[in-house]
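These notes are about the structure you will find just below.
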Amino acid sequence: MAELTLRILTTADWPLWRDLRLAALADAPDAFKSRLADWPHGGEGRWRDRLHRPDAHHVAAFLDDTPVGIVDGLPGSPDGVRELRSLWVAPQARGRGVADRLIEEVESWARAVGGTTLLLAVLPGNVAALALYRRHGFAPLGEPGELLADGVTRELLLAKPLR
Ligand SMILES: CC(C)(COP(=O)(O)OP(=O)(O)OC[C@H]1O[C@@H](n2cnc3c(N)ncnc32)[C@H](O)[C@@H]1OP(=O)(O)O)[C@@H](O)C(=O)NCCC(=O)NCCS
Numbered sequence: 035m036a037e038l039t040l041r042i043l044t045t046a047d048w049p050l051w052r053d054l055r056l057a058a059l060a061d062a063p064d065a066f067k068s069r070l071a072d073w074p075h076g077g078e079g080r081w082r083d084r085l086h087r088p089d090a091h092h093v094a095a096f097l098d099d100t101p102v103g104i105v106d107g108l109p110g111s112p113d114g115v116r117e118l119r120s121l122w123v124a125p126q127a128r129g130r131g132v133a134d135r136l137i138e139e140v141e142s143w144a145r146a147v148g149g150t151t152l153l154l155a156v157l158p159g160n161v162a163a164l165a166l167y168r169r170h171g172f173a174p175l176g177e178p179g180e181l182l183a184d185g186v187t188r189e190l191l192l193a194k195p196l197r
């Protein structure tokens with residue numbers, strides 16, 4: 035059985051982060067608001083800039099030596115809100131608890147940096163992600179999320195209190 039490990043990414047990990055982000059957007063375009071085309075196809079500098087955000091927590095998951103998942107923890111607003119973003123697990127690694135571990139890691143980070151609420155946005159038709167987040171204690175925030183490019187659908191905002 036392959037061993038699941040997590041690695042907290044630094045700016046030096048930009049090639050890995052780039053590869054995982056592009057793989058996620060290519061694999062699951064219906065799960066993310068941003069499009070593959072929105073992401074830079076430029077060089078190292080643009081990717082480093084995008085990865086380097088003060089107070090952010092970027093995490094990759096590995097099964098043995100193979101990178102299979104990614105998630106970002108980001109500072110939110112107002113104070114105390116932290117955001118979980120861009121969760122993705124490669125199709126061949128799904129159903130083995132990789133997303134569980136990635137969510138738990140962002141939750142631990144959010145608590146450690148004084149977060150009181152963990153917030154995320156999910157597209158309404160994403161049944162798998164909604165079930166996963168519900169199981170982790172996230173509930174609808176009751177506020178409308180951002181409007182999508184179709185001009186009709188809105189993201190669903192889910193939140194989990196951390197205290
Ligand atoms: C959603 C996603 C992250 C789950 O990753 P995963 O590693 O398979 O998740 P885990 O193994 O930790 O947990 C599986 C859970 O996902 C949910 N799930 C997975 N596939 C599902 C499906 N087809 N229908 C309903 N729920 C599903 C269930 O809650 C399941 O829990 P269970 O095993 O107790 O039934 C993964 O499918 C993915 O990357 N999808 C594409 C990108 C995406 O949707 N990201 C979220 C953006 S908000």
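Counted the way my numbering counts, the sequence shown spans residues 35 to 197. The beta-carbon is built from N, C-alpha and C at its ideal position, and this holds for glycine as well.
The shortest C-alpha to C-alpha distance from ALA60 to any of THR187, VAL123 and VAL93 is the one to VAL123. DSSP, read as helix, strand or coil, puts ASP61 in helix.
Closest in alpha carbon position to ASP47, among LEU85, GLU189 and LEU157, is LEU85. For GLY79, the uninterrupted alpha helix (DSSP H) run begins and ends at 78-85, by DSSP. With respect to ALA65, ALA155 sits apart: the two C-beta atoms are not nearer than 8 angstroms.
Here the region 66-73 does not lie against the region 99-117, with fewer than 3 beta-carbon pairs under 8 angstroms apart. The chain-ordered list of residues whose CB is nearer than 6 angstroms to some heavy atom of ligand 1 reads ALA62, ALA65, LEU121, TRP122, VAL123, ARG128, GLY129, ARG130, GLY131, VAL132, ALA133, ASP134, VAL156, ASN160, VAL161, ALA162, ALA163, ALA165, LEU166 and ARG169. With fewer than 16 other CB atoms across the displayed protein chains lying within 10 angstroms of its CB, LEU56 is exposed. By the neighbour-count criterion, in which a residue is buried when 16 or more other Cβ atoms sit within 10 angstroms of its Cβ, ASP106 is buried.
Between ARG135 and LEU40, the CB-CB gap stays under 8 angstroms. Rounded to whole angstroms, the Cβ separation of LEU192 and PRO174 is 6 angstroms, and the two are in contact under 8 angstroms. Excluding sequence positions up to five before and after VAL140, its CB lies within less than 6 angstroms of the CB of VAL105, GLY107 and LEU118, all in the same chain and listed in chain order.
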